[in-house]
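Q:
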Amino acid sequence: MTLDLLILAAADGFSYAGLLFLVSLGLTLIFGVQGILNVAHGSLYAFGGYTAATLAIWATEKQAPTWVLLAALVAAALLVGVVLGGILEIGLLRRVQDKDPVLQLLVTFAAFLIFEDLQRLIWGVSPYSSTEVVSRMGNLDLFGITYTVYQLLLIPAVALAVYLGLLYALRRTRLGKQIVAVTHNREVATALGINAKKIGLITFIAGAFLGALGGAMAAPTTSLVPGVGTDMIVLSFSVVATAGLGQITGAFITALLIGMARSLAVYTAPELEVAVPYLIMVAVLLVRPNGLFTVAQARRI
Amino acid sequence: MKGISRRNWISRVGAIAAGVSLLFSVSAFAQGAKPAELKIGITTFTSGPASVFGVPAKAAAEQWIEETNAAGGINGVKITPVFIDEGLGGDKLLTEYRRVVQEQGVKLMLSAISSGNCNIIAPVAEDLKVLNVMWDCGTEKVLEDRRFKYVVRTQANAVTEMVATVVYLLKTKPDFKTIAVVNQDYAWGRDSWEIFRNTLLALKPDVKVVAELFPKFGAPDFSTEISRLQALKPDVILSTSWGGDLDTFVRQAGQRGLFKTSQFVLPLAESSAERLGSALPEGVIIGGRGDHYFLHPEYKNDAKHKAFVEKFRAKTKSYPIYPVYHMVAALQAVSDAHGKAIKANKGQWPTTEQLADAMHGLDFKGLTRPVHIREDGQGLEDQLLGMTKNQPGYAFPVMENMMLIPADLVTTPVGLKSPEWVKTVKPELLKNDRIKVFK
Chain A
1 MTLDLLILAA
11 ADGFSYAGLL
21 FLVSLGLTLI
31 FGVQGILNVA
41 HGSLYAFGGY
51 TAATLAIWAT
61 EKQAPTWVLL
71 AALVAAALLV
81 GVVLGGILEI
91 GLLRRVQDKD
101 PVLQLLVTFA
111 AFLIFEDLQR
121 LIWGVSPYSS
131 TEVVSRMGNL
141 DLFGITYTVY
151 QLLLIPAVAL
161 AVYLGLLYAL
171 RRTRLGKQIV
181 AVTHNREVAT
191 ALGINAKKIG
201 LITFIAGAFL
211 GALGGAMAAP
221 TTSLVPGVGT
231 DMIVLSFSVV
241 ATAGLGQITG
251 AFITALLIGM
261 ARSLAVYTAP
271 ELEVAVPYLI
281 MVAVLLVRPN
291 GLFTVAQARR
301 I
Chain B
1 MKGISRRNWI
11 SRVGAIAAGV
21 SLLFSVSAFA
31 QGAKPAELKI
41 GITTFTSGPA
51 SVFGVPAKAA
61 AEQWIEETNA
71 AGGINGVKIT
81 PVFIDEGLGG
91 DKLLTEYRRV
101 VQEQGVKLML
111 SAISSGNCNI
121 IAPVAEDLKV
131 LNVMWDCGTE
141 KVLEDRRFKY
151 VVRTQANAVT
161 EMVATVVYLL
171 KTKPDFKTIA
181 VVNQDYAWGR
191 DSWEIFRNTL
201 LALKPDVKVV
211 AELFPKFGAP
221 DFSTEISRLQ
231 ALKPDVILST
241 SWGGDLDTFV
251 RQAGQRGLFK
261 TSQFVLPLAE
271 SSAERLGSAL
281 PEGVIIGGRG
291 DHYFLHPEYK
301 NDAKHKAFVE
311 KFRAKTKSYP
321 IYPVYHMVAA
331 LQAVSDAHGK
341 AIKANKGQWP
351 TTEQLADAMH
361 GLDFKGLTRP
371 VHIREDGQGL
381 EDQLLGMTKN
391 QPGYAFPVME
401 NMMLIPADLV
411 TTPVGLKSPE
421 WVKTVKPELL
431 KNDRIKVFK
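Line order of the protein sequences matches chains A and B.
Under this note's numbering, think of the first position of the first sequence as 1, with each following residue one higher.
Under this note's numbering, think of the first position of the second sequence as 1, with each following residue one higher.
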C-alpha cells in the first residue's frame with residue numbers, strides 16, 4: 001500500500017465520511033437526549049435532499065450567484081429540521097417518551113413509511129437532482145485525478161465545522177450544558193430546574209436539522225430517488241452502533257474510519273466495498289459490545 | 001431488481017379493495033363464447049427505484065387500452081387492466097399474482113420488469129395454466145433452462161442486447177485496448193457484464209479488462225470508483241446501470257471530466273437522457289434495450305408511432321422511453337394473438353391454451369420494427385444503438401450515427417445455451433450487410 005493510494009483514498013473517503021457523519025450525528029444526538037432510536041431520521045435526510053434540490057433548481061433558474069445556491073442548501077435543511085422535526089417531536093415522540101423502546105422504534109418506523117409515501121406524492125418517482133453548484137465551484141487536480149471542489153473541500157469542511165461547533169456549544173454554552181445534563185440524567189436535570197421538554201424539542205430539531213443537512217449537502221452530487229433515506233438510515237445506524245450510542249466524537253471517528261475503509265476497498269478489493277461498514281461494525285461489537293467509545297456508566301439505583 | 005421491496009400500504013389497501021369488488025363481478029365464462037370483458041393482469045413497478053420504468057409503462061398501458069377500447073376492444077371485447085406493483089418484492093408479488101389469477105379469474109398476465117420476478121413467476125404461470133407474457137425483463141436464462149407452454153417473451157433478452165452493444169462498439173470504435181465496467185451489484189449488472197465480456201473477448205481477444213466495479217445497487221455516490229477509473233484511464237467504460245444510479249454516475253463522471261478521457265458505453269441510457277439533459281455529454285454510445293426510440297430512423301414519421309409519441313408526451317410531459325414501447329409491444333402481441341387464435345378456432349373465442357399456442361410463432365408489430373416470437377417463446381427484437389449528439393429543439397442529447405442490428409444475428413439460437421454460444425461469435429458478424437447504418 002503506497003502513500004499515493006492512501007491520499008487518494010482519503011480524498012474520496014473524507015467527503016463520504018462527511019455526509020455520513022452529519023446524518024449519524026443527528027441520530028446519535030437525538031438518542032442521547034431522548035433515548036429514542038429515530039428511524040424516521042432517514043426521511044429527514046431524504047426530505048432535506050429533495051427540498052434542497054427544489055430550492056437549488058429554482059435558484060438556478062433565477063441565475064442566482066453561487067453563494068445563494070449554497071445558502072439554499074442550508075435553508076432547506078433548516079426548513080426541514082424545524083418543520084418536520086418539530087412536527088415529529090411534538091406530535092409523536094413526546095407522546096411515546098416513557099413507552100417501551102420497541103414501541104418507540106415501531107412508531108418512528110411508521111412515521112418513516114408515511115414520510116416515504118409523502119415524498120413520492122410531492123416529488124414523484126423519477127430521479128431528482130440539481131448539480132449546478134458543484135459545476136460552479138470547479139475542479140481541483142490531485143495526483144492527476146480530477147476532483148470537484150465541492151466534494152473534496154466543502155463537504156469535509158462543513159462536517160468538521162459542525163463537529164467543532166457542536167463540541168463548543170455543548171461544553172461552553174448554557175443551552176449546551178443543559179443538553180448534556182438532560183443526556184446524563186433526565187430526572188435529576190428536571191429537579192435542578194432544567195426544562196427537559198424544551199431541551200428535548202431543541203435537541204430533536206437540531207438533530208433533525210443535521211439529518212436534513214446531510215441530505216441537502218448530498219443533493220447536488222447525487223440523484224434523489226424513492227428509498228434514498230433507507231440506505232442512509234441503515235448506514236448511519238451502523239456508524240452509531242459502532243461508535244456507541246450518543247457518542248459524538250465516536251461518531252466522528254467511526255464515520256472517518258468507514259469512509260476511508262470503503263474507498264480503500266474500492267481500490268484494493270472492490271468486491272468488499274458494500275460489506276466494509278458492516279464488517280467494521282461486527283468486528284468492533286465483538287470486542288466491545290457497547291460500541292467503540294462508550295464510557296462506563298454510573299449505575300442508577 | 002429482486003430484493004427491492006417497499007411497503008406501500010396505500011396502494012396495497014387500494015388493490016385489496018379493488019380485488020374484493022371485482023370478486024363479485026363475473027369471472028368465469030362459457031367456453032367459446034365471447035367474455036363480457038378481457039381482464040389483463042399487469043405487473044409493473046409503481047414503487048421503488050424501478051418506478052422510473054414502471055410508471056411510464058403503466059401510463060403507456062392505460063393509453064393503449066383506452067385507445068383500443070374506444071375502437072371496440074380486442075375482437076369486440078373491452079379490456080380491463082389489473083395492475084400489480086412489482087415493488088412489493090418477490091414473495092408478495094407472487095401472492096398478489098396468485099390472488100389475481102385464482103380469485104379474479106384473470107387468465108392473461110403481463111409480467112414482469114424485473115428478471116428476478118420473471119424467474120419466480122414463469123413456473124407459477126405454467127402451473128396455473130395462465131398465459132404469461134414477459135414484457136420487459138432481460139434474463140435469457142428463464143426460457144433457455146426450461147421449455148414453457150404458457151410463458152412467452154415479446155421482446156429481446158440480455159444476450160441480444162449485450163451482443164448488439166458489442167457489435168456497435170466494435171463497428172464504431174474498433175481501436176481500443178482497455179475496458180472497465182461499473183455495473184450495479186445485482187443479477188442484471190453481473191449477468192449483462194458476463195455476456196458482454198465473453199462476447200467482446202470472442203470478437204477482440206486482445207482487449208484487457210482493467211477494472212470490474214460493482215457498486216451497491218442504489219449507491220448514492222461513485223466518487224471513489226471515478227477516482228480509480230481516472231487513475232486507470234481505460235479506453236472504454238461500460239455501464240449497464242439505469243435509473244438514479246446511472247444518473248448519478250453520469251453526473252459525477254461529467255463533473256470530474258471522465259468523459260474527456262474515456263469512451264462511455266451506456267446501453268440503457270436512452271431511458272435517462274431526457275432527465276440528464278446537458279449533463280449527458282456528446283459522443284456517448286447509448287441504447288434502449290431494443291429498437292424503440294421516439295426518433296427511430298425508420299419510424300419517426302410513421303403516423304401511428306408519431307401520434308402515440310405526441311399523445312404520450314401530452315399526457316406525461318416526457319418522451320416515451322423503452323419500457324413504454326415494451327408495454328405497447330406486449331399488448332399488441334396479445335391482441336394479434338387473439339385474432340390469430342380466433343381464426344384458427346373457426347371464429348370462436350379461444351381458450352388460454354389456444355391463445356398460448358397462437359403466441360408461439362406470432363409475428364406482430366408494436367410501434368417500431370416487427371417482432372417474431374420463436375418456438376421457444378423468445379421474441380426476436382432488433383436492436384437500435386447510437387451516439388449522443390445535441391440537436392436544436394431538444395433540451396437533451398439525442399442519438400445520431402444510429403445502427404439497427406437484426407435480432408437473429410445476435411441472439412442465441414433455439415436450443416443452445418447463451419454462456420457457450422456467445423463465446424463462439426465470429427468477427428464476420430461485424431461485416432454482416434443486414435446491419436443497417438444511418439448516417
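Ideal placement from N, C-alpha and C gives every residue a C-beta, glycine not left out.
#1: If you count every other CB in all the chains shown that lies within 10 Å of the CB of B:N432, and 16 or more means buried, which is it?
#2: Are the region 13-24 of chain A and the region 151-170 of chain A in contact at 8 angstroms, needing three or more beta carbon pairs?
#3: Buried or exposed for A:H184, going by 16 or more other Cβ atoms inside 10 Å?
#4: Who are the near neighbours of A:R136 in its chain, counting only those whose CB is closer than 8 angstroms to its CB and skipping five residues on each side?
#5: Please return the same chain residues whose Cβ sits closer than 7 angstroms to the Cβ of B:F249, not counting the five positions on each side in sequence.
#6: Using a Cβ-Cβ distance under 8 angstroms, would A:P277 count as near chain B?
#7: With a 10 Å radius around its C-beta and 16 neighbouring C-beta atoms as the bar for buried, classify A:W58 as buried or exposed.
#8: How many angstroms separate the CA atom of B:S192 from the CA atom of A:L167?
#9: What is the DSSP secondary structure of B:Y394, counted as helix, strand or coil?
#10: Between A:T108 and A:A251, how many whole angstroms is the CB-CB distance? I'm expecting something under 8 angstroms.
#11: Is the Cβ of A:G211 closer than 8 angstroms to any Cβ of chain B?
#12: Can you tell me which of the three DSSP states B:F438 falls into?
#13: What's the C-alpha gap between A:L118 and B:A358?
#14: Measure the Cβ-Cβ separation of B:F438 and B:P320 and say whether it is below 8 angstroms.
#15: Identify the contact partners of A:S238 in chain B, using a Cβ-Cβ distance below 7 angstroms as the criterion.
#16: Can you check which of these residues, A:I30, A:A10, A:T148, is closest to A:G207 by C-alpha distance?
#17: Distance, Cα to Cα, A:G229 vs A:I194?
#18: Just mark B:K39 as buried or exposed, buried being the case when its beta carbon has 16 or more other beta carbons within 10 Å.
#19: Between the Cα of B:F259 and the Cα atoms of B:V133, B:L229, B:Y394, B:V52, which residue gives the shortest distance?
#20: Using the three-state DSSP reduction, which class does B:L276 fall into: helix, strand or coil?
#21: Measure from the alpha carbon of B:L367 to the alpha carbon of each residue in B:W64, B:V55, B:I286, B:A59, then state which is nearest.
#22: Check each residue of the region 218-231 of chain B: if its Cβ is closer than 7 angstroms to any Cβ of chain A, include it; give the result in chain order.
#23: Under 8 angstroms by Cβ, that's how I've got B:L169 and B:G288 pegged, so tell me the actual separation to the nearest angstrom.
#24: What did DSSP end up calling B:H360 once you bin it into helix, strand or coil?
#25: Helix, strand or coil for B:K208? Go by DSSP, reduced to three states.
#26: Give the interface partners of A:T222 over in chain B, defined as CB-CB distance under 7 angstroms, in chain order.
#27: Which chain E residues are close to B:G288, counting only those with a beta carbon under 9 angstroms from its beta carbon?
#28: Give the DSSP-derived three-state secondary structure of A:V225 in the structure shown.
#29: In the structure shown, what three-state DSSP assignment does A:Y147 receive?
#30: Cβ of B:P56 within 8 angstroms of Cβ of B:T351?
#31: Please state whether DSSP places B:G287 in a helix, a strand or coil.
#32: May I ask you to report which of helix, strand or coil DSSP gives B:A30?
#33: What does B:D185 touch in chain A if you count any residue whose Cβ is under 7 angstroms from its own?
#34: Could you name the residues of chain B that A:Q63 contacts, counting a contact when the two beta carbons are closer than 9 angstroms?
#35: Take B:H326 as the anchor and find which of B:I373, B:G87, B:M134 has the nearest alpha-carbon.
#36: Can you find a C-beta in chain B that's less than 8 angstroms from the C-beta of A:P156?
A: Once the coordinates are examined:
#1: exposed
#2: yes
#3: exposed
#4: T66, L69
#5: V182, F222, S239, S241
#6: no
#7: exposed
#8: 49 angstroms
#9: coil
#10: Rounded, the Cβ-Cβ distance is 19 angstroms, inconsistent with contact.
#11: no
#12: coil
#13: 45 angstroms
#14: no
#15: The contacting residues do not exist; A:S238 stays about 13 angstroms from chain B at best.
#16: A:I30
#17: 34 angstroms
#18: buried
#19: B:L229
#20: helix
#21: B:W64
#22: G218, P220, D221, S223, T224, E225, S227, R228, Q230, A231
#23: Not a contact, Cβ separation roughly 16 angstroms.
#24: coil
#25: strand
#26: P220, D221, T248
#27: Absent from the structure: chain E. Protein chains present are A and B.
#28: coil
#29: strand
#30: no
#31: strand
#32: At B:A30 the pLDDT is 42, less than 50, meaning the model places this residue with poor confidence; the figure from the coordinates comes in the next sentence. Coil.
#33: V274
#34: Within 9 angstroms Cβ-Cβ: nothing; A:Q63 doesn't reach chain B, min ~16 angstroms.
#35: B:M134
#36: no
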